[in-house]
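Enquirer: Dumping the structure here so I can ask a few things about it.
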DNA sequence: CGCGATTTGTGCACGTGTTCACGAGCGCCT
DNA sequence: AGGCGCTCGTGAACACGTGCACAAATCGCG
């Protein structure tokens with residue numbers, strides 16, 4: 026854990042932890058039923074790249090389920106999720122695959138399994154800090170409930186905003202953080218504050234016991250090792266696109282002298 | 026290009042294109058001045074992982090520049106950007122490094138170089154499609170101008186919204202897309218529509234000549250090979266955090282029987 | 001009941017990305 | 001001027017992720 030975890034196309038993702046949690050880290054086969062699947066109730070391991078794709082599979086599966094399909098082939102599902110079918114099969118094999126050869130995967134069963142792995146059985150309570158431009162939009166975004174989350178509380182440091190109601194939720198002062206986090210059993214928080222306030226908010230969240238943070242502020246957050254941070258930065262995404270745009274432009278400008 | 030490009034911790038990123046643009050793909054040394062740096066005016070190649078980190082370096086550099094520093098060591102900058110210092114040095118080496126051994130990097134010079142590589146010299150015009158909850162927040166977000174972009178036009182399909190002014194910008198009907206894109210020289214678009222409308226909007230954008238898309242709608246977009254798509258999905262980010270949360274919970278619940 | 005069509009599961013080779021560790025160059029101080 | 005300490009640049013080893021290609025397994029049909 027620790028540090029920003031996004032690293033869009035990372036290859037390994039630092040992750041010095043993992044052994045810090047009690048796993049002996051002896052060269053276990055990692056994937057595929059090592060001896061028996063029984064003793065270990067949960068998955069022994071799961072590549073980070075796979076974890077990042079599971080939500081996409083889940084979304085695609087929900088769409089398929091609504092259209093009435095009850096089984097999918099890896100090819101279909103892979104196409105719907107925008108990935109290679111071999112990759113999809115390998116990803117699903119990490120979850121003790123339940124596909125049927127010659128047939129495909131049972132949609133309902135697969136949905137349930139992925140939701141279980143992602144820990145989405147319980148609707149998780151999320152705190153949203155910073156009710157500015159972006160924060161209000163996130164608070165008003167309805168797509169959370171259907172995907173395993175609900176925003177349980179809104180916070181802001183600006184006294185003018187405290188007391189407002191946004192999407193039916195009361196905006197509370199940041200000083201009430203500890204109390205509300207404890208009462209609502211909040212473990213995940215979203216930071217939508219200006220950059221200069223983000224580290225302070227982070228420290229407060231961590232002190233309250235929050236262990237997962239989604240950061241929209243354009244800055245690096247430093248957190249203890251047991252806290253996960255993911256970052257979403259609009260401008261960075263655009264700049265990456267800009268690079269490719271720039272490259273495409275310079276390439277097409279060249280005389281395409283091949284052979 | 027082609028397909029969704031995010032793949033948070035991807036290892037390679039499909040990328041069947043690249044040869045589709047005219048590069049012979051002969052095993053060029055890729056990094057580091059092959060013979061002379063002169064003949065090739067632009068960078069010959071650049072790992073995707075590096076490209077994704079350059080914007081973060083750029084942001085950190087701007088902060089350092091404001092604090093008055095005129096040189097940075099790789100260690101300092103790496104810390105500010107939240108990465109390993111060796112990784113940072115290697116990344117910068119791809120840009121024909123301009124660091125001075127024993128001293129560090131010239132902040133101003135490095136900023137200029139990265140901005141050049143990312144194609145941020147020209148302020149790029151961006152179209153924003155979908156002026157709902159999220160779209161309005163994005164339109165109102167002020168952090169664009171300072172980072173190389175400006176929103177040049179807003180579009181929506183809802184006649185009720187067309188004609189509104191948001192952050193000083195007129196909301197136009199999606200049917201005017203082609204005209205405006207041509208006039209404003211727009212190459213990058215942001216999609217903030219509901220999922221069911223996203224593919225249609227994408228097709229329209231591609232038809233107008235847009236070649237880079239940032240997609241906030243929770244769905245996979247299919248586009249031709251020469252178009253880049255990056256995806257940002259709130260719920261997916263939260264679900265990834267949920268997984269780690271889930272795993273942390275089950276791990277600490279186990280008796281930490283080591284040795 | 002057996003065969004063929006079909007689709008999963010996965011071993012293996014390859015490409016990409018990360019990290020360490022150390023040589024090369026630069027500035028400063030004596 | 002010469003040496004010394006500091007920092008960049010990078011080769012090489014390693015870890016991770018991907019995709020092909022094929023064996024194993026299952027269903028349906030004659």
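Chains as they are written, first to last, in our numbering: chain R, 26 to 284; chain Z, 26 to 284.
Backbone N, C-alpha and C fix where the C-beta goes; we use that ideal spot for every residue, glycine too.
Report yes if the C-beta distance between residue 175 of chain Z and residue 207 of chain Z is below 8 Å; otherwise report no.
Expert: It is not a contact, given that the beta carbons lie outside the stated cut-off.
Enquirer: Under the three-state reduction of DSSP, which class applies to residue 181 of chain Z: helix, strand or coil?
Expert: Here residue 181 of chain Z sits in strand by DSSP.
Enquirer: Take every Cβ of the segment 120-131 of chain R, pair it with every Cβ of the segment 148-162 of chain R, and state whether three or more of those distances are shorter than 8 Å.
Expert: No, they do not touch.
Enquirer: Using 8 Å as the cut-off, can you tell me whether the segment 67-80 of chain R makes contact with the segment 130-142 of chain R, which would need three or more C-beta pairs spanning the two stretches below that distance?
Expert: The segment 67-80 of chain R is in contact with the segment 130-142 of chain R.
Enquirer: Can you give me the Cβ contacts of residue 199 of chain R inside the same chain, cut-off strictly under 6 Å, excluding the 5 residues immediately before and after it?
Expert: Same-chain partners within the cutoff: 180, 182.
Enquirer: Going by beta-carbon coordinates alone, are residue 227 of chain Z and residue 216 of chain Z separated by less than 8 Å?
Expert: Yes, the Cβ-Cβ distance between residue 227 of chain Z and residue 216 of chain Z is below 8 Å.
Enquirer: Is DSSP giving residue 248 of chain R helix, strand or coil here?
Expert: Three-state result, residue 248 of chain R: coil.
Enquirer: With 16 other CB atoms within 10 Å as the buried threshold, where does residue 160 of chain Z fall?
Expert: With 16 or more Cβ atoms within 10 Å of its Cβ, residue 160 of chain Z is classed as buried.
Enquirer: So residue 122 of chain R is in the alpha helix (DSSP H); what residue range does that whole segment cover?
Expert: Counting along the chain, residue 122 of chain R falls outside any alpha helix (DSSP H), and DSSP gives it neither H nor E.
Enquirer: Grab me the residues of residue 85 of chain Z's own chain with a C-beta within less than 8 Å of its C-beta, minus the 5 sequence neighbours each way, in chain order.
Expert: Closer than 8 Å at the Cβ level, and outside the excluded window around residue 85 of chain Z, lie 102, 105, 106.
Enquirer: At a Cβ cut of 8 Å, what residues of the segment 251-269 of chain Z count as close to chain R, listed as they run along the chain?
Expert: Those residues of the segment 251-269 of chain Z that come within reach of chain R (Cβ to Cβ, closer than 8 Å) are 251, 253, 255, 257, 258, 259, 260, 261, 262, 263, 264, 265, 266, 267, 268, 269.
Enquirer: Whole alpha helix (DSSP H) runs in the segment 128-169 of chain Z with 4 or more residues, listed along the chain?
Expert: With a minimum length of 4 residues, the continuous alpha helix (DSSP H) runs that stay inside the segment 128-169 of chain Z are 132-143, 158-165.
Enquirer: Mind pulling the chain R residues with CB within less than 9 Å of residue 110 of chain Z?
Expert: Per Cβ cutoff of 9 Å: no residues; residue 110 of chain Z is ~13 Å from chain R at best.
Enquirer: Helix, strand or coil, according to DSSP, for residue 194 of chain Z in the structure here?
Expert: If DSSP states are grouped into helix, strand and coil, residue 194 of chain Z belongs with the strands.
Enquirer: Using a Cβ-Cβ cutoff of 8 Å, what residues of the segment 93-125 of chain R are near chain Z? List them in chain order.
Expert: Answer set for the segment 93-125 of chain R: 105, 106, 107, 109.
Enquirer: For residue 164 of chain Z, which residues from the same chain have a beta carbon less than 8 Å from its beta carbon, with the 5 sequence-adjacent residues on both sides left out?
Expert: Closer than 8 Å at the Cβ level, and outside the excluded window around residue 164 of chain Z, lie 153, 156, 176, 179, 191, 192, 194.
Enquirer: When you compare only the Cα positions, how much space is there between residue 73 of chain Z and residue 114 of chain Z?
Expert: Going by the C-alpha atoms only, they are around 16 Å apart.
Enquirer: Pull out every residue of the segment 212-229 of chain R whose Cβ sits closer than 7 Å to any Cβ of chain Z, in chain order.
Expert: Flagged, chain order: 212, 213.
Enquirer: At the level of alpha carbons, what is the spacing between residue 137 of chain R and residue 83 of chain R?
Expert: Their Cα atoms are separated by approximately 9 Å.
Enquirer: Note down the Cα distance separating residue 256 of chain R from residue 267 of chain R, rounded to an integer number of angstroms.
Expert: Answer to the nearest angstrom: the Cα atoms are 19 Å apart.
Enquirer: I'd like to check one pair, residue 213 of chain Z with residue 248 of chain Z: are the Cβ atoms closer than 8 Å?
Expert: Against a cut-off of 8 Å, the Cβ pair of residue 213 of chain Z and residue 248 of chain Z comes out as no contact.
Enquirer: Specify the secondary structure class of residue 288 of chain Z as computed by DSSP and reduced to three states.
Expert: In this structure chain Z extends from 26 to 284, so residue 288 of chain Z is not present and cannot be described.
Enquirer: Taking only beta-carbon atoms, is residue 84 of chain Z less than 8 Å away from chain R?
Expert: Chain R, which has a Cβ nearer than 8 Å to the Cβ of residue 84 of chain Z, makes this yes.
Enquirer: Determine, using beta carbons only, whether residue 98 of chain Z and residue 129 of chain Z come nearer to each other than 8 Å.
Expert: Yes, the pair counts as a contact, with Cβ atoms nearer than the cut-off.
Enquirer: Are any of the Cβ atoms in chain R nearer than 8 Å to that of residue 285 of chain Z?
Expert: Limits of chain Z in this structure are 26 at one end and 284 at the other, which puts residue 285 of chain Z out of reach.
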